[in-house]
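Beneath this line is the structure, given in C-alpha cells, with notes to follow.
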Amino acid sequence: MKLFDVYPLFNVNIVRGEGCRVWDNKGQEYLDLYGGHAVISIGHAHKHYVDKITEQAGMLGFYSNSVVNQLQQQLAERLGRISGYDDYQLFLINSGAEANENALKLASFHTGRTRVLSAEKAFHGRTSLAVEVTNNPKIIAPINQNGHVTYLPLNDLDAWKQELEKGDVAAVIIECIQGVGGIRMATPEFAQGLAEACRANGTVLICDEIQCGYGRSGKFFAHQWLGIRPDIITVAKGIANGFPMGGVIISPEFKPEYGQLGTTFGGNHLGCAAALAVIDVMEEEKLVENARIVGEHLMEKLLELKKENSHIVDVRGRGLMIGIELDIPHKQVREPLIYEQHCFTGCAGTNVVRLLPPLCLTIEEADDFIERFKKALEA
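Under the numbering used here, the letters of the sequence shown match residues 931 to 1309, in that order.
Have a look at this one:
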C-alpha cells in the first residue's frame, strides 16, 4: 500500500523540533515561521507540554464521554478565563472542520433556517458543511453543492445587510483575519455593522478563530480587536499544540438538547491534558503579549524591506499572522527559503508568503528570518 497523493511535498523529512526550530533526518536545522500551519502555539516539544501528556498517558489515555471527565471541566473553566468568555459553553471535538460543522448545525437548530452567508476567499474546512461555506470550487464536491451558501465580499457591509434583511439566514460565518484567503482583514466598521445586522435579523454570528485565534493576533481572539462579541466561536490548531483537538465556544443563549451533538474522541483525556498544558505555558510565558510585540517588530522590519525590494507588493496582518504579497509566484521565494536558507513559511494563493510561527518567536529569531528572507528574494 502507498499513501494517497494529495499534497505536493518539499523533499525534507522533519524528525525533531524545539521552540521555533526543527531538524530533518540529516541533522539540518530550520527556522520555523510556519508552525505546522499555525498549529504549534507554544513551540515544538515544550518540556511542560511533553511532561503533562506523558503523565496523563501513564494514567488514562481515553475513556468515553459517557462518564465525567474533570479535565474537560477544567479546560472549559480555564479557557473561559483566559479568553474572556467565562459565561459561554464549550463543546470539544477533534478538528477545525468539525468545529465549524457543529457551529453551523447549532445555528440551524437554533434558528430553524438553512441559509448561510460566508465571505469570498473564505476557508472553513473540508467536511460537508465546512467545505460548503469555503469559497473554493476546486474542493467542493457535487454532493456538497446544496445551494445553502451565499458568498459576499469581505468588508462590503451593504451587501451583507441586504442578504440579512431577507430574514432567512441561519448564520454568518467569517474569519476576522482570512488565512488561506491571503491574510485579508475585516475592518472594525464592517465587523460591528455585521454583528448589529445579525442581531437585528435573528441570525447567528460565527467567528472562525481556528487559524487567527488562540493568541496569534496579539489578543486571545482576532475579533477582540474589532469590538464584537459573536454568538459562536470556533477554535482548533493552537488549542493543543499539535494534538488533534477543536472546540465550539457557545453563547449562553443556546440551550443544549441531548442527541443534537456528539463525539467519540472529542475532549479525550490526552487531548485535554495537552490543551491545559498549552494554557499553562501561554499564561506563564505571556505568549499572547509576545505575539503582539514580536509581531509588531516583524511587521515593521517587513515594511522597511518593502521599501528596498520591489518584489514586495504589500505586507498585512496582525500579531504573528502576516502575509507578504509578492509580484512573483511565492514558489520562487519559498523554495530558496527552504533549500538554501533553511526556513519554513506558509503560502496563500499564488503569490502570498504566509507567516504563522509559534507564539514564542523571539525578536532575534524574527530578525534572523528577515535576513534569510532577503537572501531568498535576491535568489
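Glycine included, each C-beta is placed from N, C-alpha and C at the ideal position.
Since we're looking at a predicted model, the values are computed, not measured.
Closest residue to residue i among the options (Cα-Cα distance)
i, options, result
"Ile1268", "Val952, Tyr937, Asn1076 and Asn1085", "Val952"
"Gly1077", "Cys1142, Gln1262 and Thr1044", "Thr1044"
"Ile1252", "Ile944, Cys1290 and Tyr964", "Tyr964"
"Ile1113", "Lys932, Leu939 and Val1283", "Val1283"
"Arg1246", "Thr1117, Lys1216 and Lys932", "Thr1117"
"Pro938", "Val997, Ala1052, Leu1285 and Glu1265", "Glu1265"
"Val1134", "Arg1146, Gly1143, Val1165 and Ala1100", "Ala1100"
"Ala949", "Asn941, Asn999 and Glu959", "Sequence inspection shows Gly at residue 949; the Ala mentioned does not correspond to that position. Among Asn941, Asn999 and Glu959, the Cα nearest to that of Gly949 is on Glu959."
"Val980", "Ile1293, Ala1203, Phe1303 and Gly1249", "Ala1203"
"Asn943", "Glu1295, Arg1248, Phe1195 and Lys956", "Lys956"
"Pro1287", "Phe940, Val1110 and Asp962", "Asp962"
"Asp1297", "Glu1230, Asn1239 and Arg1248", "Glu1230"
"Ser994", "Glu1095, Gly1111, Thr1194 and Gln1075", "Thr1194"
"Thr1292", "Leu1217, Ala1309, Ala1130 and Phe1021", "Leu1217"
"Phe940", "Gly1010, Phe934, Asp954 and Gln1004", "Asp954"
"Ser996", "Gly1192, Met931, Arg1302 and Glu1215", "Gly1192"
"Asp1098", "Gly1042, Glu1105 and Pro1067", "Gly1042"
"Glu1238", "Tyr1188, Gly1225, Phe1303 and Glu1219", "Phe1303"
"His1014", "Pro1067, Tyr1188, Phe1021 and Ser1181", "Reading the sequence as shown, one finds Gly at residue 1014 and not His. Nearest option by C-alpha distance: Ser1181."
Proximity of residue i and residue j at Cβ, strictly below 9 Å
i, j, result
"Ile1069", "Val1079", "no"
"Ile1136", "Ala1033", "yes"
"His1260", "Cys1277", "yes"
"Trp1155", "Ala1127", "no"
"His974", "Gly947", "yes"
"Leu1289", "Ser971", "yes"
"Ile1314", "Leu1036", "The requested residue 1314 does not occur in the structure, where the chain is confined to residues 931 to 1309."
"Gly1026", "Lys1167", "yes"
"Ile1073", "Gly1197", "no"
"Ala1176", "Gln1122", "Here residue 1176 turns out to be Gly, not Ala, going by the sequence shown. Against a cut-off of 9 Å, the Cβ pair of Gln1122 and Gly1176 comes out as no contact."
"Gln1019", "Ala1006", "yes"
"Phe1120", "Asn1085", "yes"
"Glu1361", "Asn1131", "What is shown of the chain runs 931 to 1309, which leaves residue 1361 out entirely."
"Ala1071", "Glu1105", "no"
"Leu1233", "Ile1300", "no"
Reduced DSSP secondary structure (H/G/I, E/B, other) of residue i
i, result
"Cys1137", "strand"
"His1078", "coil"
"Leu1092", "The question names Leu, but residue 1092 in the sequence shown is Gln. Gln1092: helix per DSSP, three-state reduction."
"Thr1193", "coil"
"Phe1120", "helix"
"His974", "strand"
"Met1115", "strand"
"Arg1056", "coil"
"Ser996", "coil"
"Ala1029", "helix"
"Arg1222", "helix"
"Gly965", "helix"
"Gln888", "Residue numbering for the chain in the displayed model covers 931 to 1309; residue 888 lies beyond these limits and cannot be assessed."
"Gln1108", "strand"
"Glu1183", "coil"
"Ile1070", "coil"
"Gly1201", "helix"
"Gly1010", "helix"
"Tyr1015", "coil"
"Cys1142", "coil"
"Phe1173", "coil"
"Ile1158", "coil"
Contacting residues, own chain, Cβ-Cβ under 7 Å from residue i (five flanking each side not counted)
i, result
"Ile1242", "Leu1235, Lys1236, Ile1254 and Leu1256"
"His978", "Ala1207, Asp1210 and Val1211"
"Phe1039", "Gln1190"
"Lys1305", "Gln1271"
"Ile1223", "none"
"Val1263", "Leu1256, Val1283, Ala1306 and Leu1307"
"Thr1057", "Ala1027, Glu1028 and Glu1031"
"Val1165", "Ala1029, Glu1139, Ile1140, Gly1143, Tyr1144, Gly1176, Gly1177 and Ile1179"
"Ala1170", "Gly1201, Ala1204, Ala1205 and Val1208"
"Glu1215", "Cys1290"
Residues that residue i bridges to, as DSSP identifies them
i, result
"Gln958", "DSSP output for Gln958 lists no bridge partner at all."
"Cys1277", "Val1283"
"Val1178", "Phe1021 and Thr1164"
"Asp1244", "Glu1255"
"Val1046", "Val1079 and Ala1101"
"Ile1300", "Looking at the DSSP assignment, Ile1300 forms no beta bridge with any residue, so it has no partner."
"Arg946", "Trp953"
Own chain, CB closer than 6 Å to residue i, minus 5 neighbours either side, in chain order
i, result
"Val1063", "Val1046, Ser1048, His1054, Val1079 and Ile1103"
"Leu1087", "Phe1120 and Gly1123"
"Met1115", "Ile1107"
"Asp1244", "Glu1255"
Residues near residue i by beta carbon distance below 8 Å, same chain, minus five either side
i, result
"Leu1200", "Ile983, Gln986, Ala987, Gly991, Phe992 and Phe1173"
"Ile1258", "His1241 and Asn1281"
"Ala1125", "Leu1135, Ile1158, Arg1159 and Pro1160"
"Leu1082", "Leu1047, Ser1048, Ala1049, Glu1050, Ala1089, Trp1090 and Glu1093"
"Arg1313", "Limits of the chain in this structure are 931 at one end and 1309 at the other, which puts residue 1313 out of reach."
Any non-hydrogen atom of the ligand GTP closer than 8 Å to residue i Cβ
i, result
"Arg1114", "By its list of ligands, the structure shown contains no ligand whatsoever, and the ligand GTP lies outside what it can speak to."
Contact with chain D by residue i, beta-carbon distance below 9 Å
i, result
"Pro1287", "The structure shown contains no chain D; it is built from a single protein chain."
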